[in-house]
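Novice: Sequential numbering from 1 applies to the sequence shown in full-length UniProt numbering. Beta carbons are placed, not taken as given, at the ideal position from N, Cα and C, and that holds for glycine.
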Amino acid sequence: MGSPRLAIARRELGSLRKEKTIVLALAIQLFVAAFSSFLVVGLVSLYDPGAASYQVDVAVTGDEEAVEDLLRAVGTEDGLSGRPYASSSAAMAAFQGREVDAVLEASTGEDGRIRVAAVAPDTGVETTAVVTRLRDALRELERNERAERSAFLSTTPLSLPPAAESSPYFGFTYTVLVPLLLFLPVFISGSLVVDSLTEEVARGTLELLRVAPVSFAAVVDGKLLAAGGLAPVQAIAWMVLLQLNGTAIESVPWLFGMVAGLSAVVVTLGAAVAITSPDRRVAQLLYSIGVLLVFAGTSLLPLSPANTAARLALGTAGIGAKAAVAGLVFVGVVALVGLRFVVDRVDPNELG
1 MGSPRLAIAR RELGSLRKEK TIVLALAIQL FVAAFSSFLV VGLVSLYDPG
51 AASYQVDVAV TGDEEAVEDL LRAVGTEDGL SGRPYASSSA AMAAFQGREV
101 DAVLEASTGE DGRIRVAAVA PDTGVETTAV VTRLRDALRE LERNERAERS
151 AFLSTTPLSL PPAAESSPYF GFTYTVLVPL LLFLPVFISG SLVVDSLTEE
201 VARGTLELLR VAPVSFAAVV DGKLLAAGGL APVQAIAWMV LLQLNGTAIE
251 SVPWLFGMVA GLSAVVVTLG AAVAITSPDR RVAQLLYSIG VLLVFAGTSL
301 LPLSPANTAA RLALGTAGIG AKAAVAGLVF VGVVALVGLR FVVDRVDPNE
351 LG
């Protein structure tokens, strides 16, 4: 009587641990979503440093005519202000005294070209913001000089297209945030499948499951359905929440099909790794490497998963993107069928 009770206790302990793992995974994602506004602002600052509301004061010195042109270019940039200094030594003294954030020294050569030397702080994040602001100002100076000297050209240059104003939050949302919310549940589902199967073997509860009138293949299918079925539902729930938050998400059915197909591939990979290598640490390592290789390989394609997800969410997906989704669903079905052949040829008694 002791052995069955011990097996039942192990089974209950294993189930409790898996439930805690699932709850923890959901809690982490809900925690991230709860602070999404702060995270978006911070991540956008890394994604596009120029979008950060950071005021940069620049000391401008050098030749008088070049300084005027440079100050004019600096004044057109948001978050950037220029202060003229009589000499480079005075500008460097202001920089070292933290009165200004950077120094621009302009000089005019014999050929009439303006040369600018920039000095920026070497402090990590602040340097990125300062250099980004200075880059935009120097680009504006170059455009102004080209426009002023266009009359001296022997041929008429092509006119530049009008500058398109776009919010960095728009690009970040559809190229980073949407793919992250779609694919994160898929990664977690595959990891849950690996943990679920390897723990059944490690704790000896797989033998108890086999006492029930179900086959080993049915046990594996149940775990795949529980973990893989949650990923597309959760991903679409994120998309609905984004819509409620004012972010337009198009082609939701196609996004669902894409996540479902990818989830089938990933959970199949996790199950195959867990069956062939029942040790949990080894299985998780192999699963992580396999997922990285899959996404690294697909990222080289013109219609990578992240690119396709962004196009579908924007509503700009053409026939190629939808064909890629259909192909991904087909690959997922093939992977599930292939896993069934692997499972039918595995002896559960030899696991562990």
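In this structure, does DSSP put I114 in helix, strand or coil?
Specialist: Counting from one through the sequence shown, the residue named residue 114 turns up at place 114. I114: strand per DSSP, three-state reduction.
Novice: At which residue ranges does the region 54-80 contain complete beta strand (DSSP E) runs of 3 or more residues, listed in the order of the chain?
Specialist: Fully enclosed beta strand (DSSP E) runs of 3 or longer: 56-62.
Novice: Just the Cα atoms here: how many angstroms apart are G338 and A306?
Specialist: Reading the sequence shown from its first residue, position 338 is the one you call residue 338. Reading the sequence shown from its first residue, position 306 is the one you call residue 306. In a straight line, the C-alpha of G338 is about 26 Å away from that of A306.
Novice: Compute the beta-carbon to beta-carbon distance between Q55 and G79, rounded to the nearest angstrom, for a pair I have assumed lies under 8 Å.
Specialist: Mapped onto the sequence shown, residue 55 falls at position 55. Mapped onto the sequence shown, residue 79 falls at position 79. Indeed, because the Cβ distance is near 5 Å, the residues count as touching under 8 Å.
Novice: Find the nearest neighbour of Y174 within the set Q243, F341 and A226, judged by alpha-carbon distance.
Specialist: Within the sequence shown, residue 174 is the residue found at index 174, counting from 1. Here the closest residue by C-alpha is Q243.
Novice: Just to confirm the assignment, what range does the beta strand (DSSP E) spanning E105 have?
Specialist: Along the sequence shown, one-based indexing puts residue 105 at 105. Element bounds for E105: A102 to T108.
Novice: What residue from L301, A260 and G320 has the CA that sits closest to L184's CA?
Specialist: Position 184 of the sequence shown, counted from the first residue, corresponds to residue 184. Ranking L301, A260 and G320 by Cα distance to L184 puts A260 first.
Novice: Indicate whether G228 and V267 have their beta-carbon atoms separated by less than 8 Å.
Specialist: If you number the sequence shown from 1, residue 228 lands on position 228. If you number the sequence shown from 1, residue 267 lands on position 267. In contact: G228 and V267 (Cβ atoms closer than 8 Å).
Novice: Is P61 near E105, with beta carbons less than 8 Å apart?
Specialist: By one-based count along the sequence shown, residue 61 stands at place 61. By one-based count along the sequence shown, residue 105 stands at place 105. Strictly speaking, residue 61 in this sequence is Thr, with Pro absent from that position. For T61 and E105, yes; Cβs fall inside 8 Å.
Novice: Using DSSP's beta-bridge definition, name the partner residues of P84.
Specialist: Along the sequence shown, read from residue 1 onward, the residue named residue 84 stands at position 84. P84 is bridged to V60.
Novice: How is V119 classed by DSSP in three states: helix, strand or coil?
Specialist: As a position in the sequence shown, residue 119 is number 119, starting the count at 1. Strand.
Novice: Exposed or buried, F341, counting other C-beta atoms within 10 Å across all chains shown (16 or more means buried)?
Specialist: Position 341 of the sequence shown, counting from 1, holds the residue named residue 341. So F341 ends up on the exposed side.
Novice: When you compare each of N144, S159, L71 and V193 to residue 354 by their alpha carbons, which one comes out closest?
Specialist: The requested residue 354 does not occur in the structure, where the chain is confined to residues 1 to 352.
Novice: Which residue comes first and which comes last in the alpha helix (DSSP H) that contains A227?
Specialist: In the sequence shown, residue 227 corresponds to position 227, counting from 1. From DSSP, the alpha helix (DSSP H) with A227 extends over F216 to G228.
Novice: Consult DSSP for V331 and reduce its assignment to one of helix, strand or coil.
Specialist: As a working mapping, residue 331 is identified with position 331 in the sequence shown. Helix.
Novice: Excluding the five sequence neighbours on either side, which residues of its own chain have a C-beta within less than 8 Å of the C-beta of S251, listed in chain order?
Specialist: Your numbering for residue 251 matches position 251 in the sequence shown. Closer than 8 Å at Cβ, skipping near neighbours: L312, A313, G315 and A317.
Novice: Just reading off the alpha helix (DSSP H) that E200 is part of, what are its end residues?
Specialist: In the sequence shown, residue 200 corresponds to position 200, counting from 1. It spans V178 to A202 - the alpha helix (DSSP H) in which E200 sits, taken as one unbroken run.
Novice: Taking the alpha-carbon of D63 as reference, which of L300, L225, L293 and S107 has the nearest alpha-carbon?
Specialist: The residue labelled residue 63 in the question sits at position 63 within the sequence shown. Considering only alpha carbons, the answer is S107.
Novice: Quick one, are the C-beta atoms of A91 and V103 less than 8 Å apart?
Specialist: The count along the sequence shown starts at 1 and reaches residue 91 at position 91. The count along the sequence shown starts at 1 and reaches residue 103 at position 103. Closer than 8 Å, so yes.
Novice: Tell me the DSSP secondary structure of P302 in three-state form.
Specialist: Within the sequence shown, residue 302 is the residue found at index 302, counting from 1. Looking at P302 - three-state DSSP - the assignment turns out to be coil, as it is neither helix nor strand.
Novice: Is D101 closer than 8 Å to D57 when the C-beta atoms are compared?
Specialist: The residue you call residue 57 lines up with position 57 of the sequence shown. The residue you call residue 101 lines up with position 101 of the sequence shown. Yes, the Cβ-Cβ distance between D57 and D101 is below 8 Å.
Novice: Secondary structure at A248, three-state DSSP: helix, strand or coil?
Specialist: Looking up residue 248 in the sequence shown gives position 248. Correct three-state label for A248: coil.
Novice: Could you give the distance in angstroms between the alpha-carbon of R113 and the alpha-carbon of R146?
Specialist: Taking the sequence shown and counting its residues from 1, one reaches residue 113 at position 113. Taking the sequence shown and counting its residues from 1, one reaches residue 146 at position 146. Roughly 11 Å separates the two Cα atoms.
Novice: Out of F256, A217 and R280, point me to the one whose CA is closest to L336's CA.
Specialist: Translated into the one-based positions of the sequence shown, residue 336 becomes position 336. Nearest option by C-alpha distance: A217.
Novice: Quick check on this structure: which residue in L262, L286, E140 and F152 has the alpha carbon closest to the alpha carbon of T198?
Specialist: Stepping through the sequence shown from its first residue, residue 198 is reached at position 198. Ranking the options by Cα distance to T198, first place goes to L286.
Novice: Give the DSSP-derived three-state secondary structure of S89 in the structure shown.
Specialist: Here residue 89 refers to the residue found at position 89 when the sequence shown is read from its first residue. S89: helix per DSSP, three-state reduction.
Novice: Can you tell me whether D344 is helix, strand or coil according to DSSP?
Specialist: Reading the sequence shown from its first residue, position 344 is the one you call residue 344. Three-state DSSP puts D344 in a helix.
Novice: Which same chain residues, not among the five before or five after Q234, have their C-beta less than 7 Å away from its C-beta?
Specialist: Within the sequence shown, numbered from 1, the residue matching residue 234 stands at position 234. Only P185 meet the Cβ criterion.
Novice: Cα separation between G2 and D221?
Specialist: Here residue 2 corresponds to residue number 2 of the sequence shown, with the count starting at 1. Here residue 221 corresponds to residue number 221 of the sequence shown, with the count starting at 1. Residue confidence is low: G2 scores 45 on pLDDT, short of 50, so the model does not pin down where it sits. Its coordinate-derived value is still stated next. Whole-angstrom Cα-Cα distance: 30 Å.
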